[in-house]
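> Got a structure for you, questions after.
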Amino acid sequence: MMHSYYFSMLLDGSAYTWDATWPVDLNHYFVAHPGYMKLPSNQGQQYLTNLRDQALDRQFSNKTTEVMRLSPDVDYLQQFRSEADASAKITILQTTRWHVDTWTTLSSSPSMNQLRGKYRLNELAQSEWFWIMHRLLLNPNDWLSSKLLPFERLMGGSVKYGESVSAMEAGNQVHVDVARDWFRLGLRLVDSTALDDKQLDCLWHQVRHLCDVSDKKEYHVYLASTSASLLQRFKKRLPKKTQPSSPSFTLHTLPDTFPFVSWDTSSSTAVGKPLFGVSEDQLKATYARPLMDWLILSRMDYLVGMDQDPDIMTAAWAAQVQTDLLAQHSCQFLPMTTW
Numbered sequence: 001m002m003h004s005y006y007f008s009m010l011l012d013g014s015a016y017t018w019d020a021t022w023p024v025d026l027n028h029y030f031v032a033h034p035g036y037m038k039l040p041s042n043q044g045q046q047y048l049t050n051l052r053d054q055a056l057d058r059q060f061s062n063k064t065t066e067v068m069r070l071s072p073d074v075d076y077l078q079q080f081r082s083e084a085d086a087s088a089k090i091t092i093l094q095t096t097r098w099h100v101d102t103w104t105t106l107s108s109s110p111s112m113n114q115l116r117g118k119y120r121l122n123e124l125a126q127s128e129w130f131w132i133m134h135r136l137l138l139n140p141n142d143w144l145s146s147k148l149l150p151f152e153r154l155m156g157g158s159v160k161y162g163e164s165v166s167a168m169e170a171g172n173q174v175h176v177d178v179a180r181d182w183f184r185l186g187l188r189l190v191d192s193t194a195l196d197d198k199q200l201d202c203l204w205h206q207v208r209h210l211c212d213v214s215d216k217k218e219y220h221v222y223l224a225s226t227s228a229s230l231l232q233r234f235k236k237r238l239p240k241k242t243q244p245s246s247p248s249f250t251l252h253t254l255p256d257t258f259p260f261v262s263w264d265t266s267s268s269t270a271v272g273k274p275l276f277g278v279s280e281d282q283l284k285a286t287y288a289r290p291l292m293d294w295l296i297l298s299r300m301d302y303l304v305g306m307d308q309d310p311d312i313m314t315a316a317w318a319a320q321v322q323t324d325l326l327a328q329h330s331c332q333f334l335p336m337t338t339w
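Here full-length UniProt numbering is used: the first residue of the sequence shown is 1, the next is one more, and so on.
What follows is the structure in structure tokens.
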């Protein structure tokens with residue numbers, strides 16, 4: 001998403017949209033701020049449909065370029081201009097998969113160097129590119145914001161960011177009491193890594209250590225997990241109650257009303273019945289947990305997770321905070337370095 005967004009935004013006169021509709025449409029959860037940052041998905045699909053219909057009727061000279069992999073050696077902007085000079089009304093670059101190496105295309109392509117310099121993107125790390133993109137495109141809409149309201153204070157005082165990226169805007173600031181008194185730590189557990197009891201102990205000890213060395217009055221830990229069983233296994237390690245003389249410790253998790261569902265699961269399998277009998281709100285709620293987990297993690301002061309987990313990595317990029325990763329098959333924590 002980040003790669004395709006920047007690729008289109010760097011090309012003057014271009015527009016961007018995504019076709020993120022499987023297993024459920026991402027537009028059910030997010031809005032762009034400002035709204036002109038992204039075309040509605042249905043509008044992009046309408047352009048494709050119209051172009052194909054018109055091409056069949058030979059009414060217009062249009063071109064849809066479909067690629068699986070972008071090359072840093074190709075000047076796509078020059079291609080677009082050449083096609084426009086050849087009376088092409090609209091040119092669409094459509095891809096079904098943006099590889100990780102698209103970052104190389106964006107950051108090293110000689111043909112895009114001037115555009116990168118125009119926006120001073122050459123001065124930013126990859127994580128900072130992601131931070132800007134997520135602030136512009138991944139703002140929770142009204143429905144998702146309403147589900148996040150119980151965690152509003154944990155998220156700093158607002159579930160939505162302001163419409164600009166300015167640190168001075170009210171929605172972008174952490175509430176003064178939270179900033180002064182709370183240590184907010186996010187932990188994500190991943191079932192696919194086959195965490196054993198020893199590693200769960202290591203994770204709990206790391207959380208406790210980070211709280212102990214904090215100088216805040218209150219410890220607030222947000223726990224995200226890919227399965228209910230893993231979440232319960234970790235909870236068994238928590239103290240029964242906080243000692244009266246110690247700072248308060250509060251564990252936050254999403255309620256069980258939000259199912260533990262992977263985005264790799266088809267919607268019909270996730271809801272357990274044919275989709276024609278499922279309301280839009282039910283479908284949205286079915287897939288909301290991983291998105292809500294990610295959004296809350298992206299507001300924490302410190303993150304702990306598993307090595308090679310892309311969700312904790314992108315949450316760290318969005319939060320721009322220190323992140324400790326537990327190495328596989330060990331009890332060693334290493335600071336995240338993929339900035």
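We put the CB at the ideal spot given by N, CA and C, even for glycine. Fair warning: this is a prediction, and the values are worked out from it, not measured in the lab.
With H, G and I counted as helix, E and B as strand and the rest as coil, what does DSSP make of residue 140?
strand
> Is the beta carbon of residue 301 sitting closer than 8 angstroms to the one on residue 185?
Yes, the Cβ-Cβ distance between residue 301 and residue 185 is below 8 angstroms.
> Within 10 Å of its beta-carbon, does residue 307 have 16 or more other beta-carbons around it, so buried, or fewer, so exposed?
Burial state of residue 307 is buried, judged by a 10 Å Cβ sphere holding 16 or more other Cβ atoms.
> Is it true that the stretch 138-149 meets the stretch 18-30, where meeting means three or more beta-carbon pairs spaced less than 8 angstroms apart?
yes
> Determine the direct distance from the alpha carbon of residue 225 to that of residue 62, and round the result to whole angstroms.
Confidence at residue 62 is low in this model, with a pLDDT of 45, below 50, so the placement of that residue should be treated as unreliable; the coordinate-derived value is given next. About 47 angstroms.
> Touching or not, the stretch 204-224 and the stretch 160-175, by the rule of three or more beta carbon pairs under 8 angstroms?
no
> Give me the Cα-Cα distance between residue 60 and residue 49, rounded to the nearest whole angstrom.
Note that residue 60 scores 42 on pLDDT, short of 50, meaning its location in the model is unreliable; the coordinates nonetheless yield the value given after this. If you take the alpha carbons of residue 60 and residue 49, they lie about 13 angstroms apart.
> Just mark residue 36 as buried or exposed, buried being the case when its beta carbon has 16 or more other beta carbons within 10 Å.
exposed
> Identify which residue in 323, 328, 278 and 154 has its Cα closest to the Cα of residue 335.
323
> Just how far apart, CA to CA, sit residue 131 and residue 318?
5 angstroms
> Determine, using beta-carbon pairs with one atom in the stretch 210-219 and one in the stretch 254-261, whether at least three such pairs fall under 8 angstroms.
These segments do not touch.
> Would DSSP call residue 280 helix, strand or coil?
helix
> Judging by CA-CA distance, which residue of 42, 9, 52 and 110 is the nearest neighbour of residue 74?
110
> Roughly how many angstroms lie between the CA atoms of residue 338 and residue 5, to the nearest whole one?
20 angstroms
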